[in-house]
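Shown next, in structure tokens, is the structure this report addresses.
Below you can see the structure in the form of structure tokens.
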């Protein structure tokens, strides 16, 4: 009798409780993602060609771009640390790329290649224009289709960090 009860409980666990728990867990994740996408649904074209300090055009195609409007090394380092290896992410700011060197334990040439792939130093004159355009904001999040998805202040860093992953382009 005890063996049948154990078998029945095991079957109940495997056939009902575990699938129900998995469904609830996955539903929460899907709801969370829907909420984030709802927060990001306002889109405004970003019709500006940005240039680096050496006047090279900065590409936006297949890149989720975070544009930093103010120098805050700690905030930039925190964002860079989380997304430096995310394919399709780039950070644009006025800071010299040297603030990111400590993130790597590689040769200088390897570090330069990795930083060049994910970080661009913006032309100062353009930055001044953008600071005026986005007055009171510290960051602008731009998707791979060159659409502004949201703007943020330094107090919105957690929200900003949560908004980046859904906008990263998908690569096979």
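Numbering (the working numbering), first residue to last: 251 to 422.
Note that beta-carbon positions come from the ideal geometry of N, C-alpha and C, so glycine has one too.
Just so we're clear, the structure is a prediction, and the values are computed from it rather than from any experiment.
Asked: Would you kindly work out how many angstroms separate the C-alpha atoms of residue 310 and residue 359, rounded to a whole number?; Found: 24 Å
Asked: In the stretch 323 to 403, which residue ranges form an unbroken beta strand (DSSP E) of at least 3 residues, counting only runs that do not cross its ends?; Found: 339 to 343, 369 to 371, 389 to 392, 397 to 402
Asked: So what's residue 305 in DSSP terms, helix, strand or just coil?; Found: coil
Asked: Quick one, which of 415, 419, 420 has its alpha-carbon nearest residue 332's?; Found: 415
Asked: Are the stretch 383 to 401 and the stretch 310 to 319 in contact at 8 Å, needing three or more beta carbon pairs?; Found: yes
Asked: Measure the Cβ-Cβ separation of residue 376 and residue 303 and say whether it is below 7 Å.; Found: no
Asked: Run through DSSP, which three-state label would residue 315 get?; Found: strand
Asked: Using the rule of at least 16 other Cβ atoms within 10 Å of the residue's Cβ for burial, across every protein chain shown, is residue 368 buried or exposed?; Found: buried
Asked: Helix, strand or coil: how does DSSP classify residue 419 here?; Found: coil
Asked: Can you list, in chain order, the residues of its chain with a C-beta nearer than 8 Å to that of residue 398? Leave out the 5 residues immediately preceding and following it.; Found: 293, 294, 295, 296, 390, 391, 392
Asked: Identify whether residue 321 lies in helix, strand or coil by the three-state DSSP scheme.; Found: coil
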